[in-house]
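Engineer:
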Amino acid sequence: MLLATALVTAPTVVGIPVAAEETLPPQTSSVMWARSTAHHVVVQQGYPDARNYDKETDGFGVLQAGRATGQAGIARSYVELDIADLSGKYIVDAKLSTRVASSRACEGGAAELWSTGPISPDTTWANQPQWFEKVASRSVFNNAEMCPGFGGADFSITETVRDAVEDGRSTLTLMLKAEDGRPQSWREFDLKPVLRVTYNSYPDEPSELSMQNGLVDCATGDDRPAITTTTPQLQARVSDPDRGTLDTGFRILRGVGPEAEWDGHELLTGNIPSGSIARVTVAEGTLDEGLYTWRLWASDGQAVAWSRDCEFTVDTTAPAPPTVTSDDYPEDTQAGGVERPGDFVISAGGDTDVDHFLYSFTGGSQQKATPGTPGGDVTIRWTPTMDGPHTLSVRSVDRAGNRSEIHRYGFWVKYQEPLGSPAGHWTLNGDLADGSSHQRTLVATGDPSLDAVGYEGSAVEFDGSDDWLSHPETLVDTSDSFSVAAWVNPATADAAATVLSQQGEQADGFRLGVTAEGTWSFSASGVGGPGSVGSAEQVEPGVWTHVAGVYDAKRQQLRIYVDGVLSGAADHADATRVQGPFVVGRALENGVHTEFFAGAIDEVRVYERDLLGSEVALAASQAVQRAHYAMEEADGTTTRDEVSGRNAVLHGGASWEVQEFTSIVLDAESEQYVSASLPELRTDRSYTVAAWVRMNDRDTQKVALSIGDAEAAPFVLGYRPDDRRWAMSVACSSGEDCEWAEAPSYWDQVGEWVHLTAVYDAVAQEARLYVDGRKGGVATGVIGGTSAGELNVGRAVRAGVGADYWSGAVDDVKVYSGVLDDRAIFQLAFR
């Protein structure tokens, strides 16, 4: 018998996008192939055990179907076809093409084609495969004498081939038999029937599934991504072995796993070239917060391929801001120092939705810190390279990428000792420790209070009768150059009192204090008796005053400074060396304790050299924060001073703006402003004022900050349109305006946040203006006057009437007594 050879012709059917609802003519390409692995067998009733597998001789050169003559009886033919190459194809059409080589008559029963089980060399009439179903039949005859013809017979077997391919079978076996056993139904067929197939390749399973333009990969379960938008973008790469174009349909199901539900809607897109990315964007209003599953199909118009499932969470709620704590650098407190590392603990408060934190220190780049477990704490270590005020800005970020509001943790790195290494430095902030390298802790006698209100922080208060502090060591050689200084707030100026002294056996080697005439005095021992120098200024009880005494051995001169300004000088020759303990709060005269001080003392310094006038001025200009209105309330009619706890009041309907920074918005036409009690500072002494401002226009003169009483403002900071400049002005003690300090205002600063810092340096008699941390203008010869008025945000006062109202926004107002140096001002301009 002859070997059955299958010839498959495969036109590729290209589909059209479902959304288009129209059809294009198919594009076809044919592939002809033959396989020697196809087999056949003819079995005959009269020879039940005959093995005719692949036999082509002895009359088996044709396939037989029906009742033969003679002993053979009824014959049937089986054909096995190799369909392995059709795996993964969608069968559009299939025919078994053969030819009736001869028939006994021109009428009779039809020839039937059946699907069966497989054949083998053991297949015989007595051992036939299982019959499954009749798949086709044809009544074609070819009798050379009575009805000659070509005898072509095509059996349509599309469903049969499709089922076999979908079942994953590599072979298909078919049987030819006669419809009945009458002799006239006998036929002989060509030994090599041809299987003709029109197929369409299934699209490939969509790949590279992702969201948000490929930034969020497909995942499920605990790895499923979280996103911050309700209108995500979905995409996948689609392809087809037959190339062409594809349609896609994206489905979003609410929920995950078996419980996920589809609402019947699809996001359709079509005409996607094979190998390209299909993208859709979910429409507004489709999703809200929760869990979702998405998948897609790709179709060429006939065959469809499905993707795997992807899951995601929609989370549009920002987490709460984190908290920050530090034992090394407590909030709003001076601590540590340059090159002294500190640990900061950032906490999400147990919120397991928080994935990581973003943080930055003043002037530094943004860093990422991830806790060991979601919602856990992170400890970061940071080493300051500059002293002064610093801010740690930190925010929480959840799995979806939602960012909390920024939490700003403010702290101060202790200033480096500006005047070199002292013999002793006692801040007196609740303890008597020495901040210098000598660690000379003072000892209290009597009952001085260690928690009195100080010039900065706390101070020591003395009762004027039996309180003092001391250290047993000799601090300075009184026969050589030395300097002493302190902030002093005397309770009275009616009697002599000693602030600082170095005690000898019978008398002091030096004294710094108050005379009976109510002036400041500095004296030192000498061969012919003590020399002394007094101040030109009178002592003001109840007022903090910086007092310094200097002995210059080279010039043989005593000098006294009041609030950083030289107030008196006197010759002093033949100074003597007196050794003994250092004492705060009393003197020694003829072996008797005397001149007990009544009042408060703070920030005591001792140096084993003579300080220059500029150095004394620097110490006297020590900056201390007196007010800080962070303006973070976001609503209400007051804003709190973080230093004193007092509230400033919003007037005229001033409102809040909550964006990246929470701020107060002021409207000039409505005369809106904010007023606050004057902080603990004097406008005739050095001070620094800073704020973030945003102006709406450059058309009118406007004041962001001012200090003044009901009649006038001795200090204003704002904008002057005639010069198009930021400007500050200090009213001189004469009552007239001094020279303006100005800095350029650029066009792009309208509508933009700008940081302004104004400094009045009473010692240098200067007004200095800084814009975004950089010095912009200086006015000289400025001598400020006093004021007992308010701090105004958003206006000035002229002739008792509000004027120059601000139009825009103001934020983060800070007020200092003293002078911030350029480095500290530069740091303020970061947030």
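Each residue of the sequence shown is one higher than the one before, counting from 2 in this note's numbering. Idealized CB from N, CA, C, for every residue including glycine.
Once you ignore the five residues that flank Gln131 on each side, which residues in its own chain have a CB closer than 8 angstroms to its CB?
Structural biologist: Taking the first residue of the sequence shown as 1, we reach residue 131 at position 130. Within the same chain, Gln131 has close Cβ partners Thr117 and Gly118.
Engineer: Only counting the same chain, and skipping five residues up and downstream in sequence, which positions put a Cβ closer than 8 angstroms to that of Glu22?
Structural biologist: Along the sequence shown, read from residue 1 onward, the residue named residue 22 stands at position 21. In this prediction, Glu22 has a pLDDT of 30, which is less than 50 and means its spatial position is unreliable; nothing more can be read from the coordinates.
Engineer: For Gly1, report the span of its alpha helix (DSSP H) as first-last.
Structural biologist: The chain is shown from 2 up to 832; residue 1 falls before or after that span and cannot be answered.
Engineer: Just tell me which of Arg725, Asp685 and Gln673 has its CA closest to the CA of Gly809.
Structural biologist: Here residue 809 corresponds to residue number 808 of the sequence shown, with the count starting at 1. Nearest option by C-alpha distance: Gln673.
Engineer: With 8 angstroms set as the bound, which would you pick, yes or no: does the beta-carbon of Leu235 sit closer than that to a beta-carbon of chain B?
Structural biologist: The chain labelled as chain B is not found in the depicted structure, where only one protein chain is given.
Engineer: State the CB to CB distance for the pair Glu596 and Arg587, rounded to an integer number of angstroms; the pair is presumed to be in contact (CB under 8 angstroms).
Structural biologist: Indexing the sequence shown from 1 puts residue 596 at position 595. Indexing the sequence shown from 1 puts residue 587 at position 586. About 6 angstroms separates the two Cβ atoms, so the contact holds.
Engineer: Evaluate Pro49 with the Cβ neighbour count: other Cβ atoms within 10 Å of its Cβ, from every protein chain shown; 16 or more gives buried, anything less gives exposed.
Structural biologist: What you label residue 49 is simply residue 48 of the sequence shown in a count that begins at 1. The residue is exposed, with fewer than 16 neighbouring Cβ atoms inside 10 Å.
Engineer: Please check the pair Asp344 and Thr380, which I expect to be a contact at CB under 8 angstroms, by giving their CB distance rounded to whole angstroms.
Structural biologist: Counted from its first residue, the sequence shown places residue 344 at position 343. Counted from its first residue, the sequence shown places residue 380 at position 379. Contact flag correct, Cβ pair sits at about 5 angstroms.
Engineer: Starting from Arg280, follow its DSSP beta bridges and name the residues at the other end.
Structural biologist: On the sequence shown, position 279 is the one that residue 280 refers to. Note: Arg280 sits in a beta bridge opposite Gln236.
Engineer: Looking at Gly530: is its Cβ nearer than 8 angstroms to the Cβ of Ala576?
Structural biologist: Residue numbering aside, residue 530 sits at position 529 when the sequence shown is read from its first letter. Residue numbering aside, residue 576 sits at position 575 when the sequence shown is read from its first letter. No, they are not a contact pair.
Engineer: Rounded to whole angstroms, what is the Cα-Cα separation between Glu285 and Arg396?
Structural biologist: Taking the sequence shown and counting its residues from 1, one reaches residue 285 at position 284. Taking the sequence shown and counting its residues from 1, one reaches residue 396 at position 395. Between Glu285 and Arg396, the C-alpha separation is close to 28 angstroms.
Engineer: Where in the stretch 435-481 do unbroken runs of the beta strand (DSSP E), each at least 3 residues long, occur, reported from the N-terminal end onward?
Structural biologist: Qualifying beta strand (DSSP E) stretches, in chain order: 444-446, 450-454, 459-464 and 469-472.
Engineer: Using the C-alpha atoms, what's the distance from Thr249 back to Arg197?
Structural biologist: As a working note, residue 197 is residue 196 in the sequence shown. As a working note, residue 249 is residue 248 in the sequence shown. Between Arg197 and Thr249, the C-alpha separation is close to 30 angstroms.
Engineer: Among residues of its own chain, excluding the 5 on either side of Thr384, which ones have a beta-carbon nearer than 8 angstroms to its beta-carbon?
Structural biologist: To locate residue 384, count along the sequence shown from 1; it is residue 383. Closer than 8 angstroms at Cβ, skipping near neighbours: Glu340, Arg341, Pro342 and Gly343.
Engineer: Can you list, in chain order, the residues of its chain with a C-beta nearer than 6 angstroms to that of Pro473? Leave out the 5 residues immediately preceding and following it.
Structural biologist: Taking the first residue of the sequence shown as 1, we reach residue 473 at position 472. Closer than 6 angstroms at the Cβ level, and outside the excluded window around Pro473, lie Pro582.
Engineer: Is the distance from the Cβ of Leu1 to the Cβ of Val794 below 8 angstroms?
Structural biologist: What the structure shows of the chain is the stretch from 2 to 832, and residue 1 is not part of that stretch, so it cannot be assessed.
Engineer: Report buried or exposed for Phe151, applying the criterion of at least 16 other Cβ atoms within 10 angstroms of its Cβ.
Structural biologist: The residue given as residue 151 occupies position 150 in the sequence shown. Exposed: under 16 other Cβ atoms inside 10 Å.
Engineer: If we call anything under 8 angstroms between Cβ atoms a contact, is Leu470 one with Leu433?
Structural biologist: Residue 470 sits at position 469 when you count from the first residue of the sequence shown. Residue 433 sits at position 432 when you count from the first residue of the sequence shown. Yes, Cβ-Cβ distance for Leu470 and Leu433 is below 8 angstroms.
Engineer: Candidates Gly565, Phe831 and Val731: which alpha carbon is nearest Asp773's?
Structural biologist: Residue mapping note: residue 773 aligns to position 772 of the sequence shown, counting from 1. Measuring from the Cα of Asp773, the nearest candidate turns out to be Phe831.
Engineer: Quick check: what's the CA-CA separation for Arg695 versus Thr353?
Structural biologist: Counting from 1 along the sequence shown, the entry for residue 695 is found at position 694. Counting from 1 along the sequence shown, the entry for residue 353 is found at position 352. Going by the C-alpha atoms only, they are around 37 angstroms apart.
Engineer: With a CB to CB cut of under 7 angstroms and the five nearest residues on each side skipped, what residues in its chain are close to Tyr608?
Structural biologist: One-based indexing of the sequence shown puts residue 608 at position 607. Contacts found: Leu420, Pro423, Ala424, Phe483 and Ser484.
Engineer: Going by DSSP, which residues form a beta bridge with Cys148?
Structural biologist: Within the sequence shown, residue 148 is the residue found at index 147, counting from 1. Beta-bridge pairing links Cys148 to Asn144.
Engineer: So if DSSP puts Leu718 in a beta bridge, which residue, or which two residues, is it bridged to?
Structural biologist: Taking the sequence shown and counting its residues from 1, one reaches residue 718 at position 717. Partner(s): Leu706 and Met729.
Engineer: How far does the beta strand (DSSP E) with Leu359 in it reach, from first residue to last?
Structural biologist: Taking the sequence shown and counting its residues from 1, the one referred to as residue 359 is at position 358. Counting along the chain, the beta strand (DSSP E) containing Leu359 begins and ends at Val355 to Phe362.
Engineer: Nearest-angstrom Cα distance between Gln626 and Arg641?
Structural biologist: Residue numbering aside, residue 626 sits at position 625 when the sequence shown is read from its first letter. Residue numbering aside, residue 641 sits at position 640 when the sequence shown is read from its first letter. Distance between the alpha carbons of Gln626 and Arg641 is about 15 angstroms.
Engineer: When you compare the CB positions of Ser671 and Gly653, do they come within less than 8 angstroms of one another, or not?
Structural biologist: For the purposes of this step, residue 671 is taken as residue 670 along the sequence shown, with counting starting at 1. For the purposes of this step, residue 653 is taken as residue 652 along the sequence shown, with counting starting at 1. Against a cut-off of 8 angstroms, the Cβ pair of Gly653 and Ser671 comes out as a contact.
Engineer: Tell me whether Pro715 is buried or exposed, calling it buried when 16 or more other Cβ atoms sit within 10 Å of its Cβ.
Structural biologist: Residue mapping note: residue 715 aligns to position 714 of the sequence shown, counting from 1. It is buried - the Cβ of Pro715 has at least 16 other Cβ atoms within 10 Å.
Engineer: Mind checking Gln28: buried by the 16 CB within 10 Å criterion, or exposed?
Structural biologist: Against the sequence shown, residue 28 aligns to sequence position 27. Note that Gln28 has pLDDT 35, beneath the 50 cutoff, so the model's placement of it is unreliable and no number is given.
Engineer: Check whether the stretch 772-787 touches the stretch 651-668, counting contact only when three or more Cβ pairs, one atom from each stretch, lie closer than 8 angstroms.
Structural biologist: No contact exists between the stretch 772-787 and the stretch 651-668.
Engineer: State the CB to CB distance for the pair Val704 and Arg796, rounded to an integer number of angstroms; the pair is presumed to be in contact (CB under 8 angstroms).
Structural biologist: Locating residue 704 in the sequence shown gives position 703, where the first residue counts as 1. Locating residue 796 in the sequence shown gives position 795, where the first residue counts as 1. At roughly 6 angstroms, the Cβ-Cβ gap stays under 8 angstroms, so Val704 and Arg796 are in contact.
Engineer: What is the DSSP secondary structure of Ile1, reduced to helix, strand or coil?
Structural biologist: This structure does not reach residue 1, given that the chain is present from 2 up to 832, and the question cannot be answered.
Engineer: With a threshold of 8 angstroms on Cβ separation, who are the neighbours of Ala804 within its own chain once the five nearest residues in sequence on each side are excluded?
Structural biologist: Looking up residue 804 in the sequence shown gives position 803. Correct list, in chain order: Val704, Arg796, Ala797 and Val798.
Engineer: Can the beta-carbon of His520 be found closer than 8 angstroms to that of Val489?
Structural biologist: Locating residue 520 in the sequence shown gives position 519, counting from the first residue. Locating residue 489 in the sequence shown gives position 488, counting from the first residue. This sequence places Thr at residue 520; His is not what is there. For Thr520 and Val489, no; Cβs fall outside 8 angstroms.
Engineer: Please state whether the Cβ-Cβ distance between Arg560 and Val579 is less than 8 angstroms.
Structural biologist: Position 559 of the sequence shown, counting from 1, holds the residue named residue 560. Position 578 of the sequence shown, counting from 1, holds the residue named residue 579. Against a cut-off of 8 angstroms, the Cβ pair of Val579 and Arg560 comes out as no contact.
Engineer: Within a Cβ cutoff of 6 angstroms, which residues of the same chain sit near Ala227, ignoring the five residues on either side of it in sequence?
Structural biologist: The residue you call residue 227 lines up with position 226 of the sequence shown. Correct list, in chain order: Thr314, Asp316, Arg400 and Ala401.
Engineer: Return the chain-ordered ranges of every beta strand (DSSP E) run that is complete within the stretch 281-321 and spans a minimum of 3 residues.
Structural biologist: Counting whole runs of 3 or more residues, the stretch 281-321 contains the beta strand (DSSP E) stretches 291-300, 305-307 and 311-315.
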